[in-house]
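Heads up, the thing below is written out as structure tokens.
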Amino acid sequence: MKQAHCIFEEDDHRWLAIARDPSKPGHIIDTNEYVVVKGKEALLCDPGGIEIFPSVFSALSAECDPTRLAGIFSSHQDPDIISSLALWLEFKPELKCYISWLWQSFLPHFGGEESTFVPIPDPGMTILLGGIELQAIPAHYLHSSGNFHLYDPKAKILFSGDVGAALLPADHNGLYVEDFGRHIRHAEAFHKRWMGSDKAKRDWCERVSRLEIDMMVPQHGAIYRGADVQRFINWFSALEVGVLRS
Amino acid sequence: MNAPQPNLHVKARGSSELARIVRVNEEIKAIVATAFRINLMALNAIFLAKRAGNAALGFGVLSNELRRFAQDLTRNMSSLRDMTSGSVGSVTGVVQYQRNSSILAEAIRLSGDGVPGAREARRRGAARLAAQQAKLRALDIRLRSAVEETQQLVELGGVLARSAKIEAAYGGTFSPALMQVSTDFAEVIAQIKRSLEILGKERLVKD
Ligand SMILES: [Fe+2]
Ligand SMILES: [Fe+2]
Numbered sequence: 001m002k003q004a005h006c007i008f009e010e011d012d013h014r015w016l017a018i019a020r021d022p023s024k025p026g027h028i029i030d031t032n033e034y035v036v037v038k039g040k041e042a043l044l045c046d047p048g049g050i051e052i053f054p055s056v057f058s059a060l061s062a063e064c065d066p067t068r069l070a071g072i073f074s075s076h077q078d079p080d081i082i083s084s085l086a087l088w089l090e091f092k093p094e095l096k097c098y099i100s101w102l103w104q105s106f107l108p109h110f111g112g113e114e115s116t117f118v119p120i121p122d123p124g125m126t127i128l129l130g131g132i133e134l135q136a137i138p139a140h141y142l143h144s145s146g147n148f149h150l151y152d153p154k155a156k157i158l159f160s161g162d163v164g165a166a167l168l169p170a171d172h173n174g175l176y177v178e179d180f181g182r183h184i185r186h187a188e189a190f191h192k193r194w195m196g197s198d199k200a201k202r203d204w205c206e207r208v209s210r211l212e213i214d215m216m217v218p219q220h221g222a223i224y225r226g227a228d229v230q231r232f233i234n235w236f237s238a239l240e241v242g243v244l245r246s
Numbered sequence: 001m002n003a004p005q006p007n008l009h010v011k012a013r014g015s016s017e018l019a020r021i022v023r024v025n026e027e028i029k030a031i032v033a034t035a036f037r038i039n040l041m042a043l044n045a046i047f048l049a050k051r052a053g054n055a056a057l058g059f060g061v062l063s064n065e066l067r068r069f070a071q072d073l074t075r076n077m078s079s080l081r082d083m084t085s086g087s088v089g090s091v092t093g094v095v096q097y098q099r100n101s102s103i104l105a106e107a108i109r110l111s112g113d114g115v116p117g118a119r120e121a122r123r124r125g126a127a128r129l130a131a132q133q134a135k136l137r138a139l140d141i142r143l144r145s146a147v148e149e150t151q152q153l154v155e156l157g158g159v160l161a162r163s164a165k166i167e168a169a170y171g172g173t174f175s176p177a178l179m180q181v182s183t184d185f186a187e188v189i190a191q192i193k194r195s196l197e198i199l200g201k202e203r204l205v206k207d
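Protein sequences appear in the order of chains A and B. With the UniProt record's numbering applied, the first sequence corresponds to residues 1 to 246, in that order. With the UniProt record's numbering applied, the second sequence corresponds to residues 1 to 207, in that order.
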């Protein structure tokens, strides 16, 4: 069963990580879902696939009133990111789904009406949540051609989608990266193969280096904290990406 | 734990509904193909009757009637086909709603029944499912009455085939050939009758 862990809390502002599910069927990639809660509103980042919906829903409901969900932030179009869309809409039909404009007409294959989708333009946009401004940060071609990360300048958290993802062995089930050197070995093959563009990678490294980040939270694997965030950016900028075999 | 989650097993039920539509469509296709054959057979019979001349005047008239019958049958079947292809959309809707609402029900069960919004979501889901099912039921009624109408038409075809057999007896030297044609007619019509009986038993929705 998945569980929601509070990774940031300041007054009525919280980040929940629904991460590391040991009971998930082995043939499905393990995913992390994140919930930003501010006041009476909540935003769900990369809600995940159909198969894991019941466990994500119940983990979320244990920590926050699910009727407060105002929207879904979908970093990109992959099934492990957003194929559960129809189920969230089944629960709350008026939910808004933020997604790159590029995927706006593709996502309805998973569900939703025209009014469900808020297209994010290529340069990104501000998403208001309970009075705070979250920023959709461009991360195109990393790996999707229309791809965004979500930055919360108050919590100093960057949700980085597939960037920073690590496919960890079953015994590495901690929420946070504890030993960067050991951890990053499980991220290398993934980034080399899934990230297609060196130029996009350099752009992203430059862009996020300008942000103040306490935590970088990826969609797969463990969370980077403190100095590990910069360590990751440095490691990534030096990595050769877009290669078939390492 | 590698076992698939039990909540996602509703797929099987949905696919049985789709399978039913596929069966209905296949039966309709078979009847359409047979109607086409009757049409060709009737055309041949008309030529044969012309060659037989005066001896086969009655047979010629019946062959024309059979041809008209084949055309009516084709028309009936194509409107049946329109109905079932429309129903694929409705069945898919039902399957989807059933699947979604059962996964959502599992999610709510895991979260405890008191979870806010659960009752509204359940009510909304049930209403939507009921609306889709009502649509399907209405379609089922239309389909059944169309099948009944076609069955009556085929009864008429049976009468025509039997009469053709009687007329063939008066065909003089052409009698064996005419007899063969009218026997073929009767066989094909019996085949259509069987298909329609199967169709009449199929239901798009379970009661
Ligand atoms: Fe992806
Ligand atoms: Fe992913």
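Ideal Cβ positions, reconstructed from N, Cα and C, are used throughout, including at glycine.
Could you spell out where the alpha helix (DSSP H) holding Ile-184 of chain A opens and where it closes?
180-194
Counting only beta-carbon separations shorter than 7 Å, does Asn-100 of chain B have a partner in chain A?
yes
Whole angstroms are fine: how far does the CA of Asp-198 of chain A sit from the CA of Ala-19 of chain A?
29 Å
Taking Glu-9 of chain A as part of the beta strand (DSSP E), name the residues at either end of that continuous run.
4-10
Give me the residue from A:Gln-104, A:Phe-110, A:Pro-79, A:Phe-117 with the minimum Cα distance to Leu-95 of chain A.
A:Phe-117
Any beta carbon from chain A within less than 7 Å of Val-95 of chain B's own beta carbon?
no
Assumed close pair Pro-47 of chain A, Glu-33 of chain A - CB separation to whole angstroms, cut-off 8 Å
6 Å
Please list, in chain order, the chain A residues whose beta carbon lies closer than 9 Å to that of residue 210 of chain B.
No answer is possible for residue 210 of chain B: the residues shown for chain B start at 1 and end at 207.
Are the C-beta atoms of Asp-65 of chain A and some chain B residue less than 7 Å apart?
yes
Collapsed DSSP secondary structure at Tyr-97 of chain B in the structure displayed:
helix
Could you compute how far the alpha carbon of Ala-126 of chain B sits from the alpha carbon of Asn-100 of chain B?
11 Å
DSSP state of Arg-162 of chain B, grouped into three classes?
helix
CA-to-CA distance, Leu-244 of chain A to residue 214 of chain B, given in whole angstroms
Lying before the first or after the last residue shown, residue 214 of chain B is absent from chain B, which here runs from 1 to 207.
Within-7 Å CB hit, Gly-117 of chain B to chain A
yes
C-alpha distance - Ala-70 of chain A paired with Asp-140 of chain B, whole-angstrom precision:
40 Å
Are at least three pairs of beta-carbons, each pair with one atom in the stretch 73-86 of chain B and one in the stretch 147-160 of chain B, less than 8 Å apart?
yes
How about Ala-86 of chain A: is its C-beta nearer than 7 Å to some C-beta of chain B?
yes
Is Asp-12 of chain A near ligand 2, in the sense that its beta carbon is under 6 Å from a heavy atom of that ligand?
no
Measuring straight from C-alpha to C-alpha, what distance separates Leu-211 of chain A and Ser-58 of chain A?
33 Å
Please determine whether the Cβ atom of Asp-228 of chain A lies at a distance below 6 Å from any heavy atom of ligand 1.
no
Ser-75 of chain A versus Leu-18 of chain B - alpha carbon distance:
34 Å
Taking the Cβ atom as the reference point for each residue, do His-186 of chain A and Leu-168 of chain A lie within a distance shorter than 7 Å?
yes
I want to know whether the stretch 145-163 of chain A touches the stretch 7-21 of chain A - three or more CB-CB distances under 8 Å.
yes
Are there any heavy atoms of ligand 1 lying less than 6 Å away from the beta-carbon of Asp-46 of chain A, as far as the coordinates show?
no
Kindly examine ligand 1 and report whether one of its heavy atoms sits closer than 6 Å to the Cβ of Asp-162 of chain A.
yes
Taking any Cβ of chain B, which residues in the stretch 87-116 of chain A have a Cβ under 8 Å from it, in chain order?
Leu-87, Glu-90, Phe-91, Lys-92, Pro-93
Rounded to the nearest angstrom, what separates Val-94 of chain B and Ile-103 of chain B at their Cα positions?
14 Å
By the 9 Å beta-carbon criterion, what residues does the stretch 41-57 of chain A contribute toward chain B?
Ile-50, Glu-51, Ile-52, Phe-53, Pro-54, Ser-55, Val-56, Phe-57
Does Ser-61 of chain A come within less than 7 Å of chain B when only Cβ atoms are used?
yes
Between the stretch 108-117 of chain B and the stretch 51-66 of chain B, do at least 3 Cβ pairs fall closer than 8 Å?
no
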